[in-house]
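Per the numbering used here, the sequence shown starts with residue 50, numbered consecutively. Beta carbons: idealized from backbone N, C-alpha and C, even for Gly. No experiment lies behind these values; they were computed from the predicted model shown.
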Amino acid sequence: MRVLPITFGILTVCGFWRPISLESSIPKQMYNCYSIFMCFLIYTFTLSHLIDIVISAADFESLTGSCFMLLSMMNVCCKMTNILYFRKNIVELLQILASDHCTAKDVVERDIEKKFHKRARSVTLCYWILTETTCMLITLRTFFGSSKQILPFKAWIPYEITGLAVYWTTFFHQTIAHVAAANLQIANETLICGLMIQACSQLEILKYRLKKIPDESKIDKFPLQSTVNNAQNTNKKDTKTLLVNCIDHHRRIIEFSEKLNSTFNVILFVQFAISSLVLCSSVYLLSKMKLVSVHFMSLSLYLSCMLYQIFLFCWYGNEVILQSLDLGNAVYHMDWTILSTEDKKKLLIVILLVRKPIQFTSSFLVSLSIESYCKILKTSYSVFNLLQRTSI
């Protein structure tokens, strides 16, 4: 089963993920040129925002309005660079999921995989619809309330945009860069959350494998007297193999989680830092707008996107913590009384191994959990109050 097909499809279309199946030299070079072109659009779009703020920020309100978009684009630039730079790590994560230990072995495990794949797909589609609607509304608001040739975003342009050809060229540059940035946001967030969901899926499969060890290793309770010793030896060997496989599977899950965290922890830190500022500045701008207006609606949807993406990180980070802690309980739910003393000792080792929860952090500062989400909202509210007092 393919992992996160929608997410990798978005990345491929936007030019930030060369398909692994692309082996020919010429198509590779063509795709690399396309990637460079898309990076150029986004970087120049971000740079034009930055120069505009430095040159023409007139008052506090306009500065706040310009800064929140600049911060968002800087965040996108970081995510784009991270995905391109750590491509090898992401491929290795996919290889771990395709390894023998992480592959479904029976119908029940395949059902578990399907359940979590559906969950990842639902999250991706919901976030995609919300973000694309916001992106479309932000772009279209240019055409409301003004008959002049106004660009979708305030930016420093090193030339006059009086001519139609020049105006539409600049317009499409901003629009394409903005749409690509929005889709990159979708892909990055759903990639991280989707891989967290895959970690939850593997933990669920591991719990199922632990619970069924006695059933898989169980032999007829009343074997013939002549084969008692052979039956016991076979049982002992099978149980040991199953336990070792479960321990190896747990190690693979830990390896997967650590690699996932090391690949994206800096981006998560940047995300949380910027999101806190963007959240409070967005709320501040909303408080200054008319309730019934296109600008209010577009900014409200943008704020919803920011809240949703942070919530996804914290929620599924919290799910991984809970799932990993629940592994120890799975041992108690199995019929462990029929196992030998030696196998029971191995089970104790398993319990000790799973006592430490698997946690995702943002640069080792903030743990991804529901508690962290509440703290971010409180911090944003505090900064919002500060902005209000400053503007008085």
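C-beta atoms of residue i and residue j nearer than 8 Å
{"i": "Pro-207", "j": "Gln-223", "result": "no"}
{"i": "Phe-360", "j": "Tyr-430", "result": "no"}
{"i": "Gln-372", "j": "Glu-238", "result": "no"}
{"i": "Pro-263", "j": "Ile-398", "result": "no"}
{"i": "Leu-252", "j": "Lys-128", "result": "no"}
{"i": "Ser-266", "j": "Leu-291", "result": "yes"}
{"i": "Leu-99", "j": "Leu-120", "result": "no"}
{"i": "Phe-135", "j": "Thr-312", "result": "yes"}
{"i": "Glu-181", "j": "Ala-230", "result": "no"}
Pairwise C-alpha distance: residue j and residue i
{"i": "Leu-335", "j": "Ser-349", "result": "7 Å"}
{"i": "Gly-64", "j": "Ser-84", "result": "5 Å"}
{"i": "Asp-160", "j": "Gly-58", "result": "24 Å"}
{"i": "Ile-419", "j": "Ile-210", "result": "48 Å"}
{"i": "Thr-130", "j": "Val-140", "result": "16 Å"}
{"i": "Tyr-92", "j": "Cys-126", "result": "7 Å"}
{"i": "Leu-356", "j": "Leu-142", "result": "27 Å"}
{"i": "Lys-337", "j": "Asn-434", "result": "14 Å"}
{"i": "Ser-115", "j": "Val-332", "result": "14 Å"}
{"i": "Val-315", "j": "Lys-424", "result": "19 Å"}
{"i": "Ile-268", "j": "Lys-261", "result": "Confidence is the limiting factor: at Ile-268 the pLDDT is only 43, short of 50, which leaves the residue's position unreliable, though a coordinate-based value still follows. Rounded to the nearest angstrom, the two C-alpha atoms are 13 Å apart."}
{"i": "Asp-341", "j": "Lys-163", "result": "Reading the sequence as shown, one finds Val at residue 341 and not Asp. About 43 Å."}
{"i": "Ser-171", "j": "Val-369", "result": "18 Å"}
{"i": "Ala-394", "j": "Leu-402", "result": "The amino acid at residue 394 is misidentified as Ala; the sequence shows Lys. If you take the alpha carbons of Lys-394 and Leu-402, they lie about 13 Å apart."}
{"i": "Ala-169", "j": "Asn-294", "result": "27 Å"}
{"i": "Ser-353", "j": "Val-327", "result": "12 Å"}
{"i": "Thr-283", "j": "Ala-248", "result": "With a pLDDT of only 49 at Thr-283, under the threshold of 50, the placement of this residue in the model should not be trusted; the figure read from the coordinates follows. Each residue's Cα considered, the two are about 33 Å apart."}
{"i": "Leu-71", "j": "Asn-378", "result": "44 Å"}
{"i": "Ile-75", "j": "Trp-364", "result": "42 Å"}
{"i": "Cys-88", "j": "Gly-212", "result": "27 Å"}
{"i": "Ala-280", "j": "Lys-77", "result": "Unreliable positioning characterises Ala-280 in this predicted model, as indicated by a pLDDT of 48, which lies under 50. The coordinate reading is nonetheless provided below. Rounded to the nearest angstrom, the two C-alpha atoms are 57 Å apart."}
{"i": "Ile-132", "j": "Ile-104", "result": "32 Å"}
Supposed close pair residue i, residue j - CB separation, criterion 8 Å
{"i": "Leu-179", "j": "Leu-376", "result": "Their Cβ separation, rounded to whole angstroms, is 34 Å, which puts Leu-179 and Leu-376 out of contact at 8 Å."}
{"i": "Ala-226", "j": "Thr-56", "result": "Actually they are not in contact, since the Cβ atoms of Ala-226 and Thr-56 sit about 20 Å apart, beyond 8 Å."}
{"i": "Phe-117", "j": "Ser-330", "result": "4 Å"}
{"i": "Arg-190", "j": "His-299", "result": "Not quite, the Cβ-Cβ distance comes to about 51 Å (not below 8 Å), so this is no contact."}
{"i": "Ser-325", "j": "Thr-183", "result": "Actually they are not in contact, since the Cβ atoms of Ser-325 and Thr-183 sit about 19 Å apart, beyond 8 Å."}
{"i": "Ala-204", "j": "Ser-97", "result": "4 Å"}
{"i": "Asn-124", "j": "Val-319", "result": "6 Å"}
{"i": "Ser-411", "j": "Phe-305", "result": "Actually they are not in contact, since the Cβ atoms of Ser-411 and Phe-305 sit about 18 Å apart, beyond 8 Å."}
Own chain partners of residue i with C-beta closer than 7 Å, once the 5 adjacent residues on each side are dropped
{"i": "Leu-426", "result": "none"}
{"i": "Val-380", "result": "Leu-259, Leu-396, Val-399, Ile-400"}
{"i": "Val-228", "result": "Cys-184"}
{"i": "Ile-442", "result": "The structure shown has nothing for residue 442, since the chain only spans 50 to 441."}
{"i": "Thr-188", "result": "Pro-201, Thr-224, His-227"}
Minimum C-alpha distance to residue i - residue among the options
{"i": "Lys-308", "options": "Met-346, Val-332, Ile-241", "result": "Ile-241"}
{"i": "Arg-301", "options": "Leu-90, Ile-407, Glu-162", "result": "Ile-407"}
{"i": "Gln-366", "options": "Thr-390, Ser-325, Phe-409, Arg-404", "result": "Note that residue 366 is Gly in the sequence shown, not Gln. Of Thr-390, Ser-325, Phe-409, Arg-404, the residue nearest in Cα terms is Phe-409."}
{"i": "Leu-90", "options": "Leu-328, Leu-292, Thr-219", "result": "Thr-219"}
{"i": "Lys-289", "options": "Gly-243, Met-346, Leu-356, Thr-390", "result": "Thr-390"}
{"i": "Ala-147", "options": "Val-369, Val-52, Lys-203, Tyr-80", "result": "Val-52"}
{"i": "Asp-149", "options": "Asp-384, Asp-297, Val-341", "result": "Asp-297"}
{"i": "Lys-154", "options": "Thr-61, Trp-177, Tyr-257, Asn-232", "result": "Tyr-257"}
{"i": "Trp-217", "options": "Val-228, Ile-199, Ala-248", "result": "Ile-199"}
{"i": "Ile-246", "options": "Lys-424, Lys-261, Asp-101, Phe-362", "result": "Phe-362"}
{"i": "Leu-186", "options": "Tyr-351, Leu-402, Trp-385", "result": "Tyr-351"}
{"i": "Asp-287", "options": "Met-79, Ala-169, Asp-392", "result": "Asp-392"}
{"i": "Met-122", "options": "Leu-317, Ile-323, Leu-244, Lys-167", "result": "Ile-323"}
{"i": "Leu-317", "options": "Trp-385, Phe-221, Leu-414", "result": "Leu-414"}
Nonlocal neighbours in the same chain, by C-beta distance under 6 Å from residue i, ignoring five residues either side
{"i": "Asn-310", "result": "Phe-409"}
{"i": "Glu-158", "result": "Ile-254"}
{"i": "Trp-177", "result": "Ile-235"}
{"i": "Ser-416", "result": "Gln-408, Thr-410"}
{"i": "Leu-374", "result": "Pro-406"}
{"i": "Leu-454", "result": "Within the shown structure, residues of the chain are numbered from 50 to 441, placing residue 454 beyond reach of any answer."}
{"i": "Tyr-80", "result": "Arg-67"}
{"i": "Thr-428", "result": "Ser-325"}
Cβ-based neighbour list, residue i, same chain, cut-off 8 Å, excluding 5 preceding and 5 following
{"i": "Val-215", "result": "Tyr-208, Glu-209"}
{"i": "Ile-145", "result": "Cys-151, Arg-301, Glu-304, Phe-305, Lys-308"}
{"i": "Met-383", "result": "Leu-259, Lys-260, Lys-261, Ile-262, Pro-263"}
{"i": "Leu-174", "result": "Ile-55"}
{"i": "Lys-339", "result": "Phe-345"}
{"i": "Gly-243", "result": "Val-52, Leu-53, Thr-56, Ala-169, Val-172, Thr-173"}
Closer than 7 Å: residue i CB and nearest the ligand HEM heavy atom
{"i": "Cys-175", "result": "Here there are no bound small molecules, and the ligand HEM is not part of this structure."}
is_contact[residue i, chain D] using C-beta, thresh 8 Å
{"i": "Cys-295", "result": "You won't find chain D in this structure, because it holds only one protein chain."}
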